[in-house]
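Undergrad: Could you have a look at this structure, given as structure tokens, before my questions?
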Amino acid sequence: QRLDILVFGEGSGGELGLGAKNCGPRKVVDVSRPRLNQLLSSKDVGVVQIAVGGMHCAALTHDHKILTWGVNDQGALGRHTGDGPMKDMKADDASDSDSDDDDEDSGLNPDEATPREVDPKHFPAETKFVSLHAGDSSTFALTTTGLVYGWGTFRGNDGIVGFRPEAKKGDNQATPILIPELKNIVDIATGTNHVLALDNKGKIYVWGTGEQNQLGRRVIERTSKLALKPAEMGLRGKKIVRIGSGDYHSFAVDDKDNLYAWGLNSFGQTGIPKIGKDEDIVGTPTLVKNLKGFKLKQVTGGSHHTIACTVDGQVLKWGRVESHEAGFDCTDLPDDEVYKENGKPRYLKKPKAVPGLQGEVVATANDTCIVVTPEGTAYSWGFSEGYQTGLGVAGEITNATKIENTAVRAEKLIWCGVGGQFGVLGGVPKEGAGRTA
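Using the working numbering, the letters of the sequence shown correspond one by one to residues 49 to 485.
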């Protein structure tokens with residue numbers, strides 16, 4: 049299905065894909081509310097799926113082209129970009145400015161700020177893609193035959209690690225290559241610097257950096273490069289049907305609706321109770337008992353929190369709430385549900401449903417959440433200093449709040465994504481609705 053793409057947020061690295069040219073008062077950065085991206089026209093381009101990374105995006109078109117835009121410092125775009133102009137944007141350059149200036153250069157690199165195709169020569173002829181997936185500085189493409197191509201780099205606590213174990217430490221992979229260890233893959237989930245791949249037999253393969261045990265095993269510095277090679281996870285006897293990831297924690301759902309989690313747990317973001325510092329890390333896949341009885345259709349996480357959606361539309365939250373990640377006020381919750389310090393909620397100990405909200409698709413990054421409802425509307429909350437909630441507010445949003453403006457009202461929304469300081473919505477035009485840029 050061809051999508052209209054609406055973008056909003058800070059965008060100083062070209063993540064919004066609006067190009068490098070301001071149009072009078074309409075700037076290509078600091079877009080406070082959703083704006084239809086004319087460079088990704090549903091009629092002329094026909095995007096069917098988007099992957100949102102930390103500071104870049106990748107889009108799959110109806111005719112199996114891959115378009116990328118945003119920051120390319122570590123090769124995340126899969127194509128070479130020139131050293132175009134780049135300058136700091138002033139606060140008064142926001143999208144709602146009253147400036148009457150003519151078209152002017154934003155200072156962005158047009159090769160990065162404009163959606164452009166990854167050269168198909170990197171793939172065998174007639175290759176067709178199912179989906180794209182983006183980490184912080186990496187991108188992956190899943191083909192209809194279950195193969196995976198990737199590019200970019202992984203970073204560890206001490207900087208760039210690389211993309212493949214055979215490459216020199218610190219080298220980026222600037223163009224797509226086949227990940228040879230992966231076959232018959234049906235889904236991919238990406239964290240900040242780690243990846244999970246699910247095959248058609250219910251097995252999980254993981255790779256990337258693993259200082260926080262997000263790979264489900266201990267990775268030591270001496271052999272850390274070997275972790276860049278996909279390896280099967282130890283979930284013997286379990287048939288996994290769904291995978292998900294936070295920035296530094298990971299999830300798997302089996303065919304009996306059991307949720308397993310591992311990785312960083314400093315705010316209880318895995319869903320496994322914390323009883324002191326020993327539980328800051330969940331070292332291996334562990335059953336999340338608090339999710340027993342829930343049928344999850346999607347689970348994904350931010351820096352220190354998690355959001356999930358059930359088959360009956362409940363939106364569940366757990367983990368950190370200090371930056372209003374919950375979507376509701378947690379102040380009056382009992383102590384067995386929320387951990388507090390000096391009377392202020394720090395994290396949800398167990399999953400809580402966001403009151404009054406039904407979800408079809410959920411997305412999060414860092415401390416911001418967006419939910420698309422079954423009716424085709426969107427709600428957001430959390431950290432919004434870069435306008436990444438799409439609510440026109442720079443600050444923090446406590447309660448799940450409907451995203452509304454002229455551009456959104458013309459669409460039935462079916463998808464959402466969140467990056468480091470920006471957000472993306474995908475929709476189809478409502479019949480008879482007026483269109484706006």
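Note that the Cβ used here is the ideal one computed from N, Cα and C, for glycine as well. Predicted, not measured: the structure shown is a model, and the values here were computed from it.
Count the other C-beta atoms from every protein chain shown that fall within 10 angstroms of the C-beta of glutamate 63, then say buried if there are 16 or more, exposed otherwise.
TA: The count along the sequence shown starts at 1 and reaches residue 63 at position 15. Answer is buried; the Cβ neighbour count reaches 16.
Undergrad: Taking the C-alpha atoms as reference points, what is the distance between arginine 266 and alanine 124?
TA: For the purposes of this step, residue 266 is identified with residue 218 of the sequence shown, where counting begins at 1. For the purposes of this step, residue 124 is identified with residue 76 of the sequence shown, where counting begins at 1. If I take the Cα positions, the gap works out to 27 Å.
Undergrad: Quick one, which of Gly65, Gln49 and Leu51 has its alpha-carbon nearest phenylalanine 470's?
TA: Counting from one through the sequence shown, the residue named residue 470 turns up at place 422. Nearest of Gly65, Gln49 and Leu51 to phenylalanine 470, Cα basis: Gly65.
Undergrad: Between which two residues does the beta strand (DSSP E) containing alanine 401 stretch?
TA: On the sequence shown, position 353 is the one that residue 401 refers to. From DSSP, the beta strand (DSSP E) with alanine 401 extends over 392-406.
Undergrad: Is it buried or exposed, alanine 413, if we count other Cβ atoms within 10 angstroms and call 16 or more buried?
TA: Here residue 413 is taken as the residue at index 365 of the sequence shown, counted from 1. Label assigned to alanine 413: buried.
Undergrad: Terminal residues of the continuous alpha helix (DSSP H) containing glutamate 423?
TA: The residue you call residue 423 lines up with position 375 of the sequence shown. Glutamate 423 -> no alpha helix (DSSP H), and no H or E assigned at all.
Undergrad: How many Å lie between lysine 217 and threonine 201 at the Cα?
TA: For the purposes of this step, residue 217 is taken as the residue at position 169 of the sequence shown. For the purposes of this step, residue 201 is taken as the residue at position 153 of the sequence shown. Those two C-alpha atoms are separated by around 10 Å.
Undergrad: Closest by CA to leucine 364, which one among Gly465, Tyr387, Pro382 and Lys340?
TA: Here residue 364 refers to the residue found at position 316 when the sequence shown is read from its first residue. Out of Gly465, Tyr387, Pro382 and Lys340, Lys340 has the C-alpha closest to the C-alpha of leucine 364.
Undergrad: Here's a check: name, in chain order, each residue in its chain whose Cβ is nearer than 7 Å to the Cβ of valine 166, leaving out the five neighbours to either side.
TA: Position 118 of the sequence shown, counted from the first residue, corresponds to residue 166. If we look at valine 166 and ignore the five residues flanking it on each side, its Cβ neighbours are Ile114, Thr116, Gly126, Arg127 and Pro224.
Undergrad: Between which two residues does the alpha helix (DSSP H) harbouring phenylalanine 457 extend?
TA: Taking the first residue of the sequence shown as 1, we reach residue 457 at position 409. For the sequence presented, residue 457 should be read as arginine rather than phenylalanine. Start and end: 454-457.
Undergrad: Is it buried or exposed for alanine 173, if we count other Cβ within 10 angstroms and need 16 for buried?
TA: In the sequence shown, the residue the question calls residue 173 occupies position 125. Alanine 173 should be labelled exposed.
Undergrad: Between which two residues does the alpha helix (DSSP H) carrying proline 158 extend?
TA: Taking the sequence shown and counting its residues from 1, one reaches residue 158 at position 110. First-last of the alpha helix (DSSP H) with proline 158: 158-161.
Undergrad: In the segment 92-117, which residue ranges form an unbroken alpha helix (DSSP H) of at least 4 residues, counting only runs that do not cross its ends?
TA: none
Undergrad: Near alanine 68, which residues of its chain fall below 6 Å by C-beta distance, leaving aside the five closest residues on each side in sequence?
TA: Counted from its first residue, the sequence shown places residue 68 at position 20. These residues qualify, in order along the chain: Ser154, Leu156, Pro158 and Ala161.
Undergrad: Which same chain residues, not among the five before or five after tyrosine 197, have their C-beta less than 6 Å away from its C-beta?
TA: The residue given as residue 197 occupies position 149 in the sequence shown. Within the same chain, tyrosine 197 has close Cβ partners Ala189, Pro224 and Leu226.
Undergrad: Assuming serine 432 contacts glycine 443 (C-beta within less than 8 Å), just tell me the rounded distance between them.
TA: By 1-based counting over the sequence shown, the position of residue 432 is 384. By 1-based counting over the sequence shown, the position of residue 443 is 395. That pair is a contact at about 6 Å.
Undergrad: Relative to the alpha-carbon of valine 347, which residue among Gly311, Leu405 and Ala411 has its alpha-carbon at the smallest distance?
TA: Locating residue 347 in the sequence shown gives position 299, where the first residue counts as 1. Nearest of Gly311, Leu405 and Ala411 to valine 347, Cα basis: Ala411.
Undergrad: Have a look at the DSSP bridge pairing and note the partners of glycine 57.
TA: Locating residue 57 in the sequence shown gives position 9, counting from the first residue. Bridge partners of glycine 57: Val79 and Phe470.
Undergrad: Compare the beta carbon distance of tryptophan 310 and asparagine 261 with 8 Å and say whether it is the shorter of the two.
TA: In the sequence shown, counting from the first residue as 1, residue 310 sits at position 262. In the sequence shown, counting from the first residue as 1, residue 261 sits at position 213. Contact flag set, yes.
Undergrad: Hey, which unbroken runs of the beta strand (DSSP E) at 3 residues or more fall wholly within the segment 331-386?
TA: For the segment 331-386, whole beta strand (DSSP E) runs of length 3 or above, ordered along the chain, are 344-349, 353-358 and 362-368.
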